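Colleague: Positions 0 to 170 (numbering that gives the first Met the number 0) are the ones given, in order, by the sequence shown.
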Amino acid sequence: MSFGDDLRNERVSRGVALEDIAAVTKISQRHLLALEQERFRLLPGGILSKGIVRGYAGALGLDQHDWTERFLSAYTASGQMIDDDRNWTAFASNVGKARILRREATQMRLRWIGAMVLLLSVAVAAYFMVRYLGVRQGWWHSVVPGHKVSMALGVLRTSFRSLAARVSSRF
Numbered sequence: 000m001s002f003g004d005d006l007r008n009e010r011v012s013r014g015v016a017l018e019d020i021a022a023v024t025k026i027s028q029r030h031l032l033a034l035e036q037e038r039f040r041l042l043p044g045g046i047l048s049k050g051i052v053r054g055y056a057g058a059l060g061l062d063q064h065d066w067t068e069r070f071l072s073a074y075t076a077s078g079q080m081i082d083d084d085r086n087w088t089a090f091a092s093n094v095g096k097a098r099i100l101r102r103e104a105t106q107m108r109l110r111w112i113g114a115m116v117l118l119l120s121v122a123v124a125a126y127f128m129v130r131y132l133g134v135r136q137g138w139w140h141s142v143v144p145g146h147k148v149s150m151a152l153g154v155l156r157t158s159f160r161s162l163a164a165r166v167s168s169r170f
């Protein structure tokens with residue numbers, strides 16, 4: 000059986016009239032009938048055709064994704080597809096793939112950020128643990144002498160002041 004016949008059989012087996020689907024979905028009967036008769040050229044095209052299929056399938060309680068895929072296969076196989084719809088189908092397919100790639104790239108970036116944060120946390124914890132043990136056992140000040148650090152800061156402060164004085168004298 001074909002796509003249109005299967006769709007019509009699903010509707011008839013559920014005892015739903017075409018008018019009822021048109022009333023519920025607000026899709027014209029002309030488009031619903033064109034769908035059942037596989038006269039795809041009468042459909043508006045692009046995303047609107049897929050919307051009609053989703054609305055029809057949803058009104059009958061069918062799987063919308065499955066029926067949309069079946070519609071695209073039937074539409075492509077029918078030879079009625081115009082170039083705009085062919086381009087639209089390729090575009091929609093590429094958008095879906097791009098979203099998946101973007102999501103994977105974001106997840107990978109988050110993993111790297113998480114790894115860096117974890118590594119930094121471990122390094123900071125190791126520093127403070129070694130420092131704590133060194134101060135407690137008395138060897139920390141011999142490794143990192145405090146007076147040399149404060150002396151180096153004093154030299155830097157003096158150098159910065161002289162540089163600032165030279166720059167301000169030019170203006």
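Every residue, glycine too, gets a C-beta built ideally from N, C-alpha and C. Treat the numbers as computed from the prediction; the structure is a model and nothing was measured.
For a quick check, are the C-beta atoms of residue 26 and residue 3 less than 7 Å apart?
Modeller: The answer is no: Cβ separation not under 7 Å.
Colleague: Taking residue 35 as the reference, which of 7, 168, 61, 136 has the closest Cα?
Modeller: When each option's Cα is compared against that of residue 35, the closest is 7.
Colleague: How would you write the range of the alpha helix (DSSP H) that residue 35 sits in, first residue to last?
Modeller: Run containing residue 35: 28-35, per the alpha helix (DSSP H) assignment.
Colleague: Are the beta-carbon atoms of residue 58 and residue 20 separated by less than 7 Å?
Modeller: A contact, by the Cβ cut-off of 7 Å.
Colleague: Can you tell me the Cα-Cα spacing of residue 76 and residue 5, whole angstroms?
Modeller: Distance between the alpha carbons of residue 76 and residue 5: 16 Å.
Colleague: Please state whether DSSP places residue 49 in a helix, a strand or coil.
Modeller: It is helical.
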